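Asks: Dropping the structure in here first, questions after.
Here you go:
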């Protein structure tokens with residue numbers, strides 16, 4: 272139990288569906304992140320939020336839309352995805368942006384048909 | 174050139190042996206270095222961080238940093254089957270302030 276909870280753990284969606292991934296952290300951290308993990312590739316940083324303000328969008332396609340209503344919650348809204356978007360999506364949090372000590376959620380395994 | 178480079182493995186070591194995992198990085202200004210462990214089907218978990226040259230020990234784990242050679246390693250003494258996992262090296266600081274991960278080294282500890 273890392274203090275970071277992600278739902279759903281598994282998601283299968285068609286290319287025309289709209290779905291959302293949810294992340295909640297109970298650690299009192301101020302920074303939250305979305306990462307994408309694909310086979311044989313390094314973890315790819317997608318979005319960074321600090322005190323619920325977005326500080327980084329790592330050239331992510333607009334079919335991925337993040338939302339951070341407060342420092343404890345983070346969403347990733349998905350729409351018109353492509354099969355190559357199938358991957359493990361990891362949420363993480365850290366005390367602030369100046370540390371590399373991240374706490375990860377268990378991830379949401381996404382399959383796009 | 175990859176920013177953070179690791180041999181993908183698998184690295185196979187017998188139970189009780191020392192496992193040595195290596196990582197090189199390209200940004201000479203990097204300041205902070207981390208090792209994450211990721212079991213199959215699970216998320217990464219931070220196991221070691223190191224910020225200055227030399228060795229840092231925590232139980233069976235020792236992280237070694239050599240900034241001049243742009244090299245960081247993780248030694249696991251008395252390897253156990255439960256150490257079988259993928260180990261991710263991550264680097265922060267320098268020209269890119271974000272945390273950059275390597276692709277990971279898969280470690281197999283055999284009985």
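Chains as they are written, first to last, in this note's numbering: chain A, 272 to 384; chain B, 174 to 284.
Ideal Cβ placement from N, Cα and C applies to all residues, glycine included.
Owing to the predicted nature of the structure, the values given are computational and were not obtained by experimental measurement.
(1) Any beta-carbon of chain B closer than 8 Å to the one on residue 384/A?
(2) With a cut-off of 8 Å, does the C-beta of residue 276/B fall near any C-beta of chain A?
(3) Would you kindly report the start and end of the unbroken beta strand (DSSP E) that includes residue 295/A?
(4) So which residues of chain B does residue 279/A contact, with C-beta pairs closer than 8 Å?
(5) Give me the chain A residues within the contact set of residue 222/B, using Cβ-Cβ distance strictly less than 9 Å, ordered along the chain.
(6) Assuming residue 337/A and residue 347/A form a contact by the criterion Cβ under 8 Å, report the distance between their Cβ atoms to the nearest whole angstrom.
(7) Please confirm whether residue 204/B and residue 258/B have their CB atoms less than 8 Å apart.
(8) Taking only three categories from DSSP, how would you classify residue 337/A?
(9) Nearest chain B C-beta to residue 377/A closer than 8 Å, yes or no?
(10) Run through chain B and tell me which residues come within less than 9 Å of residue 316/A, C-beta to C-beta.
(11) Specify, as a first and last residue, the run of the beta strand (DSSP E) that residue 350/A falls within.
(12) Give me the chain A residues within the contact set of residue 219/B, using Cβ-Cβ distance strictly less than 9 Å, ordered along the chain.
Replies: The relevant details are as follows:
(1) Within the first chain, the letter at position 113 stands for residue 384/A. For residue 384/A, the answer is no, since every Cβ of chain B falls outside 8 Å of its Cβ.
(2) Against the second chain, residue 276/B aligns to sequence position 103. Taking Cβ atoms only, chain A reaches closer than 8 Å to residue 276/B, which makes this a yes.
(3) In the first chain, residue 295/A corresponds to position 24, counting from 1. Run containing residue 295/A: 289-296, per the beta strand (DSSP E) assignment.
(4) Your numbering for residue 279/A matches position 8 in the first chain. Within chain B, no residue comes near residue 279/A; the closest Cβ sits about 15 Å away, beyond 8 Å.
(5) Numbered from 1 along the second chain, position 49 holds the residue referred to as residue 222/B. Correct list: 370, 371 and 372.
(6) Taking the first chain and counting its residues from 1, the one referred to as residue 337/A is at position 66. Taking the first chain and counting its residues from 1, the one referred to as residue 347/A is at position 76. Right, the Cβ-Cβ distance comes to about 6 Å (below 8 Å), so this counts as a contact.
(7) Position 31 of the second chain holds residue 204/B. Position 85 of the second chain holds residue 258/B. The Cβ-Cβ distance between residue 204/B and residue 258/B does not fall below 8 Å.
(8) Here residue 337/A refers to the residue found at position 66 of the first chain. DSSP places residue 337/A in strand when its eight states are reduced to three.
(9) To locate residue 377/A, count along the first chain from 1; it is residue 106. With 8 Å as the cut-off, residue 377/A counts as an interface residue toward chain B.
(10) Residue 316/A sits at position 45 when you count from the first residue of the first chain. Simply 271, 272, 273 and 274.
(11) The sequence position of residue 350/A within the first chain is 79, counting from 1. Start and end: 344-350.
(12) Numbered from 1 along the second chain, position 46 holds the residue referred to as residue 219/B. Under the 9 Å cutoff, chain A gives 371, 372, 373, 374 and 375.
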